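Here the structure comes first, spelled out in structure tokens, and everything after it is commentary.
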Amino acid sequence: MASESSEAAAIVRVRIPSPLRSYTDGEAEVAVAVPVLAPELPPALASVLAALERRYRGIRFRIVDEQGRMRPHVKVFVGADAVRDLATPVPAGEDVMIVAALSGG
Amino acid sequence: MPRARTTPAARPAQSTSLLVATRKGLWRLASDPSRRSWKTVGPAFLGHIVHHAVADPRDGRTILAAARTGHLGPTVFRSADRGKTWSEAAQPPAFKPASGRSVDHTFWLTPGHASQPGVWYAGTSPQGLFRSEDSGATWVGVDGFNEHPQRKAWCGGDQDGTPDGGKLHSILVDPRDAAHLVIGMSSGGVFESHDAGGSWRPLNRGVRAEFLPDPNPEFGHDPHCLRFAGGNPDRIWQQNHCGIYRLDRPGDAWVDVSGAMPKSVGFVGFPIVAHPRDPDTAWVFPMDGTDVWPRVSPGGRPAAYRTRDAGATWRRQDAGLPESQAWWTVKRQAMSADARDPVGLYFGTTSGEVWASRDEGRTWRCIARHLPHIYAIEAG
Chain A
195 MASESSEAAA
205 IVRVRIPSPL
215 RSYTDGEAEV
225 AVAVPVLAPE
235 LPPALASVLA
245 ALERRYRGIR
255 FRIVDEQGRM
265 RPHVKVFVGA
275 DAVRDLATPV
285 PAGEDVMIVA
295 ALSGG
Chain B
221 MPRARTTPAA
231 RPAQSTSLLV
241 ATRKGLWRLA
251 SDPSRRSWKT
261 VGPAFLGHIV
271 HHAVADPRDG
281 RTILAAARTG
291 HLGPTVFRSA
301 DRGKTWSEAA
311 QPPAFKPASG
321 RSVDHTFWLT
331 PGHASQPGVW
341 YAGTSPQGLF
351 RSEDSGATWV
361 GVDGFNEHPQ
371 RKAWCGGDQD
381 GTPDGGKLHS
391 ILVDPRDAAH
401 LVIGMSSGGV
411 FESHDAGGSW
421 RPLNRGVRAE
431 FLPDPNPEFG
441 HDPHCLRFAG
451 GNPDRIWQQN
461 HCGIYRLDRP
471 GDAWVDVSGA
481 MPKSVGFVGF
491 PIVAHPRDPD
501 TAWVFPMDGT
511 DVWPRVSPGG
521 RPAAYRTRDA
531 GATWRRQDAG
541 LPESQAWWTV
551 KRQAMSADAR
561 DPVGLYFGTT
571 SGEVWASRDE
581 GRTWRCIARH
591 LPHIYAIEAG
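Residue numbers (this note's numbering), protein chains in the order written: chain A, 195 to 299; chain B, 221 to 600.
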């Protein structure tokens with residue numbers, strides 16, 4: 195599993211669906227360092243995706259459109275919860291899982 | 221006023237290459253110099269929806285491909301070595317955050333003027349126009365169109381389009397004037413700019429829009445495909461939802477040239493292809509636009525139709541094509557001509573076949589089958 199670390203950052207594990215692994219050198223799981231303002235303030239999902247984008251340029255636009263809306267056939271789980279709001283907090287220890295729902299033929 | 225003509229020489233015998241963009245990836249078909257033997261190369265981007273792939277005639281090595289997948293957002297891939305290696309655009313076409321709009325897919329790619337190497341244009345769904353000045357690495361919206369106060373009136377809202385979304389297509393760059401652009405929109409109509417996209421005006425006079433309360437509106441039409449006539453950019457061909465049209469500048473009224481099409485075939489189709497040198501010659505590929513618009517070959521008998529007299533008459537060209545029970549469709553980007561003499565014509569079908577003619581449509585031969593649903597073919 196690829197990883198990176200940084201001071202004043204939460205390390206968040208992100209599970210990557212196969213359609214997006216061309217961005218992560220084939221990695222199914224990556225860990226990104228997400229800046230945090232204070233230890234008691236978990237980072238928002240938006241910050242996790244921003245950290246992902248810094249490391250894997252172009253990946254965010256395949257998941258989220260230019261209006262900050264999750265694309266229709268992409269699902270993101272924070273822990274066990276499916277979320278569509280990028281402001282959703284990602285508590286310490288919770289993984290983010292990105293799922294690309296296959297649609298049509 | 222004499223028409224300005226440019227008559228490029230026929231390209232000497234060499235291999236012809238087709239970029240075949242499909243619902244499941246990108247293929248290339250390469251011929252021997254006689255165009256009798258074809259080799260299928262690929263796929264690239266297997267599983268990606270590739271709406272259009274275009275080679276840059278200015279440098280002979282750059283190719284851009286507009287791609288997305290069924291679940292991921294849209295992007296543009298670029299190759300600087302004729303398709304051997306690819307990289308993704310650092311900044312794909314995307315609307316401004318304040319616009320509230322988002323690009324579903326990039327639908328059309330056009331290389332810019334010969335005097336502007338590296339410049340490309342992209343048309344999107346929903347309707348948007350974008351420009352790159354670095355061979356497709358970064359894209360910026362053409363504000364004169366995307367931010368135009370009348371844009372929504374022209375195109376309708378982003379939810380008003382066809383089931384697959386409204387599209388900006390047929391971006392034509394005048395070979396005599398880099399600032400002169402013509403675009404088509406389904407829906408929206410034809411629009412023209414003389415200042416490189418800074419301002420636009422509708423160019424639809426004479427074109428019917430039978431699906432609107434006013435069948436002769438200023439805009440809101442449904443052009444399917446536009447092409448400059450070969451050797452004479454003062455003439456534009458248009459295959460429209462409501463007919464086949466020809467525009468001769470400096471006039472601004474389109475002439476309906478579909479009257480001579482057989483009634484049993486009709487005048488509806490997606491593509492129109494111009495002869496590269498003869499401004500009076502063009503081809504269409506009709507589809508069934510009756511009843512619920514099946515959009516398949518009329519009667520299950522596919523054929524191209526060719527005019528050699530600027531649309532006064534049309535001749536059926538079906539030698540070699542299936543004679544019955546062939547129910548495929550040729551989409552608006554899926555028919556193309558090379559620059560050879562005689563001209564080679566190529567089309568791709570929704571059933572994944574590529575057909576070629578090396579004698580200007582007189583005879584046809586299937587040169588690839590079993591490909592995915594074909595969206596676009598570009599000959600180079």
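Quick reminder that beta carbons are idealized off the backbone N, C-alpha and C, glycines included.
Since we're looking at a predicted model, the values are computed, not measured.
For residue i, three-class secondary structure by DSSP
i: Leu238/B; result: strand
i: Ile210/A; result: coil
i: Asn424/B; result: coil
i: Ser197/A; result: Confidence is the limiting factor: at Ser197/A the pLDDT is only 48, short of 50, which leaves the residue's position unreliable and the question unanswerable from this model.
i: Lys372/B; result: helix
i: Gly287/A; result: coil
i: Pro236/A; result: coil
i: Asn452/B; result: strand
i: Val475/B; result: strand
i: Gly581/B; result: coil
i: Pro506/B; result: strand
i: Glu223/A; result: strand
i: Gly364/B; result: helix
i: Arg256/B; result: coil
i: Ala357/B; result: coil
i: Ala244/A; result: helix
i: Arg447/B; result: strand
i: Arg497/B; result: coil
i: Arg249/A; result: helix
i: Leu432/B; result: coil
i: Tyr595/B; result: strand
i: Pro229/A; result: strand
i: Arg248/B; result: strand
i: Met221/B; result: In this predicted model, Met221/B has a pLDDT of only 37, less than 50, meaning its place in the structure is not dependable; the value taken from the coordinates is given anyway. Reduced to three states, the DSSP call for Met221/B is coil.
i: Gly377/B; result: coil
i: Pro491/B; result: strand
i: Pro437/B; result: coil
i: Gly262/B; result: strand
Contacting residues, own chain, Cβ-Cβ under 6 Å from residue i (five flanking each side not counted)
i: Cys462/B; result: Arg428 and Glu430
i: Pro233/A; result: none
i: Lys387/B; result: Phe327, Ser345 and Ser406
i: Arg526/B; result: Trp503, Arg535, Gln537 and Gly581
i: Pro395/B; result: Pro453
i: Ala398/B; result: His333, Ser335 and Gln336
i: Glu598/B; result: Leu239, Val274 and Ser556
Contacting residues, own chain, Cβ-Cβ under 7 Å from residue i (five flanking each side not counted)
i: Asp219/A; result: none
i: Glu353/B; result: Gly338 and Val339
i: Gln347/B; result: Cys375, Gly386, Lys387, Leu388, Met405 and Gly408
i: Val261/B; result: Trp247, Arg248 and Ala250
Residues bridged to residue i [DSSP beta-bridge criterion]
i: Tyr566/B; result: Ser556/B and Ala576/B
i: Met481/B; result: Paired residues: none, contrary to the question.
i: Thr344/B; result: Thr326/B and Gly348/B
i: Ile587/B; result: Ile587/B is not bridged to any residue.
i: Ile269/B; result: Arg288/B
i: Asp468/B; result: Arg455/B
i: Gly463/B; result: Asn460/B
i: Ala203/A; result: Pro229/A
Heavy atom of the ligand ADP within 8 Å of residue i beta-carbon
i: Asp279/B; result: This structure lacks the ligand ADP, and indeed carries no ligand of any kind.
Other residues of its chain near residue i: CB distance less than 8 Å, five sequence neighbours each side excluded
i: Ile283/B; result: Leu239, Ala273, Val274, Ala275, Asp276, Arg298, Ser299, Arg302 and Gly303
i: Arg225/B; result: Note that Arg225/B has pLDDT 45, beneath the 50 cutoff, so the model's placement of it is unreliable and the number below is only indicative. So the list reads Gly451, Asn452 and Pro499, once near-sequence residues are dropped.
i: Asp259/A; result: Arg265
i: Arg209/A; result: Ala222, Glu223, Asp289, Val290, Met291 and Ile292
i: Ser484/B; result: Pro518 and Gly519
Quiz item: Considering only residues of the stretch 379-420 of chain B, which uninterrupted beta strand (DSSP E) runs meet the minimum length of 3 residues and lie entirely inside it, listed in chain order?
Solution: 387-393, 401-406 and 409-413
Self-check item: the stretch 557-565 of chain B in contact with the stretch 507-523 of chain B per 3-pair CB rule at 8 Å
Solution: no
Quiz item: Does the stretch 304-314 of chain B come close enough to the stretch 246-265 of chain A to have 3 or more Cβ pairs within less than 8 Å?
Solution: yes
Quiz item: If we count Cβ pairs, one from each stretch, closer than 8 Å, do we get three or more for the stretch 394-413 of chain B versus the stretch 436-449 of chain B?
Solution: yes
Quiz item: With contact counted as at least three CB pairs below 8 Å, one residue from each stretch, are the stretch 266-273 of chain B and the stretch 317-330 of chain B in contact?
Solution: yes
Exercise. For the stretch 480-496 of chain B and the stretch 543-557 of chain B, state whether three or more C-beta atom pairs, one from each stretch, are separated by less than 8 Å.
Key: yes
Self-check item: Complete runs of the beta strand (DSSP E) confined to the stretch 292-335 of chain B [at least 3 residues]
Solution: 295-299 and 325-331
Self-check item: the stretch 326-340 of chain B touching the stretch 360-371 of chain B, judged by at least three CB pairs closer than 8 Å
Solution: no
Quiz prompt | Length at least 3, wholly inside the stretch 505-552 of chain B: the beta strand (DSSP E) runs in chain order | solution = 524-527 and 535-537
Practice problem: Decide if the stretch 568-584 of chain B is in contact with the stretch 244-256 of chain B; the criterion is three or more beta carbon pairs, one per stretch, under 8 Å apart. | Solution: yes
Self-check item: Complete runs of the beta strand (DSSP E) confined to the stretch 252-280 of chain A [at least 3 residues]
Solution: 268-272 and 275-277
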